[in-house]
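The structure under discussion appears below in the form of structure tokens.
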Amino acid sequence: MNIPAELKYTKDHEWIKIEGDVAKVGITDFAQGELGDIVYVEVETLDETLDKDEVFGTVEAVKTVSDLFLPLSGEIVEFNEALEDEPEKVNTDPYGEGWMIKIKISDASEVDTLMSDDDYKALIGA
Numbered sequence: 161m162n163i164p165a166e167l168k169y170t171k172d173h174e175w176i177k178i179e180g181d182v183a184k185v186g187i188t189d190f191a192q193g194e195l196g197d198i199v200y201v202e203v204e205t206l207d208e209t210l211d212k213d214e215v216f217g218t219v220e221a222v223k224t225v226s227d228l229f230l231p232l233s234g235e236i237v238e239f240n241e242a243l244e245d246e247p248e249k250v251n252t253d254p255y256g257e258g259w260m261i262k263i264k265i266s267d268a269s270e271v272d273t274l275m276s277d278d279d280y281k282a283l284i285g286a
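Its first residue numbered 161, the sequence shown is counted upward by one per residue in our numbering.
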């Protein structure tokens, strides 16, 4: 299972890559594996400012629909539009082409609440 050390993680299985005051967000390799074949990613919160842990969208797999939770407070500034035509990128490349949103971080202190790769490995028993 792939759990990159340079990323941060949440208990809800999102990964976060922080680049200055912008964070790229997706779901982890573990999460996509648990969900199975992803057929649709919906994000209707583009250009909205949400608080940490609010639902920013959903991911639909063959067997279930799951909410996506915002790992940090901020404005959703970009959605990976490639997922509209190719949602399976979340399965094949969850940390690369399968990213979901970018947020402009509004409270940098929240970064300290995120999990390290080792913390996330302990959470999922990897």
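The beta carbon of each residue, even a glycine, is placed where N, CA and C say it ideally should be. These figures come from a predicted structure and were not determined experimentally.
Supposed close pair residue i, residue j - CB separation, criterion 8 Å
i      : j      : result
Phe190 : Ile284 : 5 Å
Glu174 : Pro231 : 5 Å
Tyr255 : Gly186 : 7 Å
CB contact flag (residue i, residue j, <8 Å)
i      : j      : result
Ala282 : Met161 : no
Val201 : Ile263 : no
Lys168 : Leu274 : yes
Glu270 : Lys212 : yes
Thr170 : Phe239 : no
Member of the options whose CA lies at the smallest distance from the CA of residue i
i      : options                           : result
Ala242 : Asp197, Ile261 and Pro231         : Ile261
Val222 : Asp197, Pro254 and Val237         : Asp197
Gly258 : Ser266, Lys249 and Ile265         : Lys249
Thr209 : Thr170, Asp245 and Ser233         : Ser233
Ser226 : Ile265, Asp245 and Gln192         : Gln192
Glu244 : Ala268, Glu179, Asp267 and Thr218 : Thr218
Cβ neighbours of residue i in the same chain (closer than 6 Å, five flanking residues each side left out)
i      : result
Asp277 : Ile163 and Ala165
Range of the contiguous beta strand (DSSP E) that encloses residue i
i      : result
Glu238 : Gly234 to Phe239
Glu220 : Val215 to Ala221
Leu228 : Val225 to Phe229
Start-to-end residues for the alpha helix (DSSP H) that takes in residue i
i      : result
Tyr280 : Asp277 to Ile284
Glu194 : Asp189 to Leu195
Lys249 : Lys249 to Thr252
Cutoff 7 Å; reference residue i; Cβ partners in own chain excluding five residues on either side
i      : result
Pro247 : Ile198, Val199, Tyr200 and Val201
Spatial neighbours of residue i in its chain, beta-carbon cut-off 8 Å, leaving aside the 5 residues before and after
i      : result
Asp207 : Glu235, Ile236 and Val237
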